[in-house]
Amino acid sequence: MTFSTWIGFVLTLLVALAVPGPDFVVVVQAAGRGRRAGVRTVAGIMTGLCVHAGLATAGLAAMLAAWPQALDLLRLVGAAVLVWLALRVINSARRGGDPNALEHDHLHPYRRGFVVDVSNPKAPIFFGAVLPQFIGRGPGITTDTAILGLTVVLVSGAFWLVVAVVARVLRVGRSPRAGRPAAAVSGGLLLVVAVGLAVPTLGHVRDYAARMI
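Each step along the sequence shown adds one to the number in my numbering, with nothing skipped, and position 200 is 204.
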């Protein structure tokens, strides 16, 4: 994996993180209760991401080692999932709904962050849909997946710490609707990213099909 590929992954990750979801809501709520609560919640989220990253590293590496051709299939399916997620986010922002209501408010900040992230459907969607777009072919699949997984944990942790600080300064408090405008913009960006990821893979599949014929 080249450095430019890694940078592209980080930028895609930041776009995905900017889409308000359960993690966003729980961090903003915790920040409204104090600095320590915000930090502990972010630590819980990072622990949950470690679980997702470990499962992704083991599962993706094993599957791609056994069936290298699955990479293109995963990329296309992943791009389709990202399109679906982007449209869902845009529609939710347009309707003014709150799909991110929390059910774990009674938990300790660290446990709440962990439970919310582990149960967040967006996390496995990201690992399953986005990671294959940036994994190289041939040897080194396990290393690439592990590096990308670690990147998700560290970049996400830094991102949520910034969100907690900003929420604390701006006194965003408990309002989950504060992220609605960001959801509309981020959903559009996510849609652009999904299309951009799908186009090169479609070209590769077309070339492969032409060689088979």
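Quick reminder that beta carbons are idealized off the backbone N, C-alpha and C, glycines included.
query                                                                                                            : result
Report the CB separation of Leu-18 from Phe-163 in whole angstroms; it is logged as a contact under 8 Å.         : 7 Å
So, helix, strand or coil for Ser-219, using DSSP?                                                               : The question about residue 219 has no answer, for the chain in this structure spans 5 to 217.
Which residue wins for smallest C-alpha separation from Pro-136, given the options Ala-150, Ser-123 and Asn-124? : Ala-150
What number of angstroms, rounded off, separates the C-alpha of Tyr-114 from the C-alpha of Val-46?              : 7 Å
Quick one: using the 10 Å Cβ neighbour count with 16 as the cut-off for buried, is His-112 buried or exposed?    : exposed
Return the CA-CA distance between Phe-13 and Gly-48, expressed in angstroms with no decimal places.              : 23 Å
Could you give the DSSP three-state label for Gly-144: helix, strand or coil?                                    : coil
For a quick check, are the C-beta atoms of Ala-57 and Gly-153 less than 8 Å apart?                               : yes
Given a cut-off of 8 Å on the beta-carbon distance, is the pair Asn-124 and Asp-27 in contact?                   : yes
Is the CB-CB distance between Asp-121 and Gly-42 below 8 Å?                                                      : no
May I ask you to check if the CB of Asn-95 is nearer than 7 Å to at least one heavy atom of the ligand COA?      : As presented, the structure is devoid of all ligands, the ligand COA included, so that no description of it is given.
With H, G and I counted as helix, E and B as strand and the rest as coil, what does DSSP make of Val-23?         : coil
Strictly under 8 Å for the Cβ-Cβ distance: is Leu-174 near chain C by that measure?                              : No chain C is present in this structure, which holds just one protein chain.
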